[in-house]
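Below you'll find the structure, written out as structure tokens, and then a few comments.
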Amino acid sequence: MARLLYSATMSLDGFIAGPGGDMSWLTEFLGPNPAVEELIGEIGAILVGNRSFRGDDPHRGDVEREGKAFGGGWEGPQFVLTHVPPAEPVPGVRFVGDLDSAVAEAKAAAGERYVNIIGADVARQCLAAGMLDEIFVCIAPVLLGDGVRLFDQPGGAMVKLERLSLTEAALASNVRLRVVG
């Protein structure tokens, strides 16, 4: 059965996007990362939040990579959690209106592989619902100061994590964690 994994690149001060969802900061930290390449090979489907799907792209202006999952490094079924689907269909993308249905459909599509979550709000919802299995974070050597946090739940409960791996790449440190409670 597929498992849910939230992956993101985060600044050292805990932001995955700058103010207003700006992703341009990330461009200089995209580069060879064997742990990310391995992760991409483990993904069977993507579950993405509406803001992330419609939002800024660190590959903006790169015709080959813009608008593609992992900059074109991954292809497969994508599910967007949204209450407002676009008027025109998007090839390879299914728009789903509720979390339980989106997770069920993405898991079915992923088979034995991971459902990779993209988007802080979807990850927070999955964590709160007890659905999130793992977290993979690339920590970029930068302080953004403001923006969208990796997890933002003021007053939320503590969640224990177990470290599965800690690796280094040229432009980031990677940590992979299991949600244990």
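Under the working numbering, read the sequence shown as residues 359 to 539, first letter to last.
Even for Gly, the Cβ is constructed at its ideal location relative to N, Cα and C.
Values in this document were obtained by computation on a predicted structure and should not be read as measured data.
Thinking C-beta only, is residue j closer than 8 angstroms to residue i?
i      : j      : result
Gly455 : Pro435 : no
Gly379 : Leu502 : no
Ser459 : Ile497 : no
Val500 : Ser369 : yes
Ala464 : Val473 : yes
With distances taken Cα to Cα, identify the nearest neighbour of residue i among the options.
i      : options                           : result
Leu457 : Arg471, Pro444 and Leu439         : Leu439
Phe411 : Phe437, Arg471, Trp432 and Glu400 : Phe437
Glu433 : Ile374, Gly469, Leu388 and Ile398 : Ile398
Val480 : Val406, Ile374 and Thr367         : Val406
Gln483 : Glu520, Val461 and Thr367         : Val461
Asp371 : Glu520, Leu490, Gly505 and Gly539 : Gly505
Phe387 : Glu395, Ala403, Ala467 and Thr367 : Thr367
Spatial neighbours of residue i within its chain, please: C-beta separation below 6 angstroms, excluding the five flanking residues on both sides.
i      : result
Glu492 : Leu363 and Arg536
Thr525 : Ala393 and Asn532
Counting only the same chain and skipping the five closest in sequence on each side, list residues whose C-beta sits under 7 angstroms from that of residue i.
i      : result
Ala528 : Gly389 and Pro390
List the DSSP bridge partners of residue i.
i      : result
Arg507 : Phe373
Gly407 : Leu439
Met368 : Ile497
Val454 : Leu439
Buried or exposed: where does residue i fall if 16 or more other Cβ atoms within 10 Å of its Cβ makes it buried?
i      : result
Gly513 : exposed
Ile374 : buried
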